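Numbering (this note's numbering), first residue to last: 257 to 546. Think of the CB as a built atom: it goes at the ideal place given N, C-alpha and C, for glycine as much as any other residue. The structure displayed is predicted, hence computed values, not measured ones. Presented below is the structure to which this report refers.
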């Protein structure tokens, strides 16, 4: 025996409290034809999705690097005419004091401005404005800082992972591998004497890659080679060139450190090999923080 279906009653209060999905459940419970029920359910899903997509016009807020903000302030000051083309920027110390940030953050900001061609660094003299950035150019330096690994991050990571690799190679190297590293070292010394930073830097990178390859362990290679390849990053190169390897004397001193690394490996002294690599990064870190 069929029973009469009760009339569907949905109050305004229930709709306000429960929303569209309540209406859908109520309609389905009211015994509507299948096609009608399916159409209502589909419409309900589309409505809810549209609400989620258009509910708020916001994006996730991400923390910014201090050096990127410092770079933006420098660019704004240049665009405002505070530092015309050809003028000298305040010293790192003055900028750090004025902005309330560390000198390493200022160095990274200045390195970014140098990398995109807005300023030039003259050793012993300071940083000078080369041009006023266009609207399209004014975000280049901050974008560079935000998208590349920071110089300090690179130094910290490599100082943790590369010394054990040198120790490992010192335990299991072959004469051929040492000879290959020595050839790269001679290339480094040759370019250092000429003061050819770009070519020297490529040889330096080849040395560190060769050291990792000499471990003959694909897991070590996969872990450490990406760190070595950060030497290709613009910011890292700018910092290294203008602060760590400023002249021929600096280049030759770093070559000597690499000689000590090879000597320790050749003598099968793993602890000494690790210490010499650590010394390399310790010296660079001290210059970064000076």
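Check: Separation of residue 411 from residue 370, as counted between CA atoms; Outcome: 20 Å
Check: Cβ distance (whole Å) where residue 486 is taken to contact residue 405 below 8 Å; Outcome: 6 Å
Check: Segments of 3+ residues assigned as beta strand (DSSP E) that fall wholly inside the segment 409-456; Outcome: none
Check: Where residue 367 falls, given that 16 or more other Cβ within 10 Å makes a residue buried; Outcome: buried
Check: Cβ pair count under 8 Å reaching 3, the segment 388-404 against the segment 484-504; Outcome: yes
Check: Residue from 498, 465, 416, 361 with nearest C-alpha to residue 350; Outcome: 361
Check: Own chain, CB closer than 7 Å to residue 490, minus 5 neighbours either side, in chain order; Outcome: 371, 400, 404
Check: Beta-bridge partners of residue 498, as assigned by DSSP; Outcome: Answer is none; residue 498 lacks a bridge partner.
Check: Separation of residue 508 from residue 546, as counted between CA atoms; Outcome: 21 Å
Check: Pairwise C-alpha distance: residue 335 and residue 329; Outcome: 10 Å
Check: Simplified DSSP state of residue 388, which is helix, strand or coil; Outcome: coil
Check: One or two residues paired with residue 378 in a DSSP bridge; Outcome: 382
Check: Check whether residue 511 and residue 465 have beta carbons under 7 Å apart; Outcome: no
Check: First through last residue of the alpha helix (DSSP H) which encompasses residue 477; Outcome: 474-484
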